[in-house]
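Numbers given in the numbering used here equal positions in the sequence shown, counted from 1, plus 445.
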Amino acid sequence: MMKRWMFWLITAIVVVLVFVGFGYTKKRETQKQFDNLMSQAITNAQATEYKKAELNLQDALRKKPDDVVAKQRLEQVKLYQEGLAELKQDDYEQAQLTFRSTAKVSPSLSILTQRAKKKDKFLESVLKQREKYDDLYNEAVRLTEMGAYSQSNENLVQILDGKNIDEKYYSQVRKDARELQERNNSILEQIRIQNQQAAIRRQREQQRQEEARKAQQAAASSSSSAENQNDEPKKSDDKNDDRNSGQDNVKNSSESKPETNNSAAEPQPNNENK
Numbered sequence: 446m447m448k449r450w451m452f453w454l455i456t457a458i459v460v461v462l463v464f465v466g467f468g469y470t471k472k473r474e475t476q477k478q479f480d481n482l483m484s485q486a487i488t489n490a491q492a493t494e495y496k497k498a499e500l501n502l503q504d505a506l507r508k509k510p511d512d513v514v515a516k517q518r519l520e521q522v523k524l525y526q527e528g529l530a531e532l533k534q535d536d537y538e539q540a541q542l543t544f545r546s547t548a549k550v551s552p553s554l555s556i557l558t559q560r561a562k563k564k565d566k567f568l569e570s571v572l573k574q575r576e577k578y579d580d581l582y583n584e585a586v587r588l589t590e591m592g593a594y595s596q597s598n599e600n601l602v603q604i605l606d607g608k609n610i611d612e613k614y615y616s617q618v619r620k621d622a623r624e625l626q627e628r629n630n631s632i633l634e635q636i637r638i639q640n641q642q643a644a645i646r647r648q649r650e651q652q653r654q655e656e657a658r659k660a661q662q663a664a665a666s667s668s669s670s671a672e673n674q675n676d677e678p679k680k681s682d683d684k685n686d687d688r689n690s691g692q693d694n695v696k697n698s699s700e701s702k703p704e705t706n707n708s709a710a711e712p713q714p715n716n717e718n719k
């Protein structure tokens, strides 16, 4: 009886030890697999293989569903990929917010934290520069609406000659600025042609007025010459009349002189006879 009891006791102990050993071995194997997956996720992230990193972290969580580090790193990888997608869609404001959230995750993949901070800083400069370009463009639009096309173009030149304007981050404002510049140039060309035509018309009008003035002067000169010619015969007749009048005066003077002499020679009465 005692021997049978000892047998079962020993058997039970052996079974427990076997199960404990198996469980311990399995736990160690699981931990090893978990560690390998976590390590692989880090390698993937460093190689910018973010989808692979996500899959490895998901597998790691299947091994240890409650592991906080794996959960946080998985969340960080997902956030970083969201930020990249938003950046690709040119949604820079939202991308910046997403990268900021990515950098705040803890515990984290340090490589993603560094990259997220770098993206955040870069987008900060992009958004500031784009805001500057937007302000210049809006002012250019206002000037165009006022009819100040040359001044509007001055603002647009500041955009189109701006730093890094050819980068994709400024593609929309670059496109808008070029279209407005073309519109301004078209209007300025029309104004130039109109001014040129107006100048030609003014020149022709001045020439016409000058020709009319010269014609009037010529007509006035011709009329004056004709009047002078008509006056010459009259003056000649007047001279002849003057000469004839002079001759008559001389003749009359001659005829009157003898009478005067006879009168002077007539004998005076003798007072002595009186």
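Ideal Cβ placement from N, Cα and C applies to all residues, glycine included.
Just so it is clear, the structure is predicted and the values come from calculations on it, not from any experiment.
Across the structure, residue 640 and residue 565 are spaced so that their CA atoms are roughly 53 Å apart. Ranking 621, 617, 605 by CA distance to the CA of residue 535 puts 617 first. Residue 480 sits in a helix when the DSSP states are folded into three classes. Annotation: residue 635 to residue 663 spans about 42 Å, alpha carbon to alpha carbon.
DSSP places residue 595 inside the alpha helix (DSSP H), whose first and last residues are 594-605. Secondary structure in the segment 531-593: no beta strand (DSSP E) run of 3 residues or longer lies completely within the stretch. Ranked by Cα distance from residue 507, the first of 480, 496, 531, 524 is 480.
Straight across, the Cα-Cα distance linking residue 474 with residue 512 is about 16 Å. Rounded to whole angstroms, residue 651 and residue 666 show a C-alpha spacing of 22 Å. Under the 8 Å Cβ criterion, the segment 600-607 counts as touching the segment 580-590, having at least three qualifying pairs.
The three-state reading of DSSP puts residue 493 in coil, since its state is none of H, G, I, E or B. With respect to residue 615, residue 575 sits close: the two C-beta atoms are nearer than 9 Å.
The alpha-carbon separation between residue 514 and residue 558 amounts to approximately 14 Å. One alpha carbon belongs to residue 497, the other to residue 486, and they sit about 7 Å apart. For the pair residue 472 and residue 509, the Cα-to-Cα distance works out to about 10 Å. In this structure, the CA atom of residue 629 is about 57 Å from the CA atom of residue 501. Residue 596 and residue 623 have their C-alpha atoms spaced approximately 15 Å apart. Rounded to the nearest whole angstrom, the C-alpha separation of residue 610 and residue 599 is 16 Å. Looking at 625, 537, 482, the one whose alpha-carbon comes closest to that of residue 568 is 537. Annotated as proximal: residue 548 and residue 562, with beta-carbon spacing under 9 Å.
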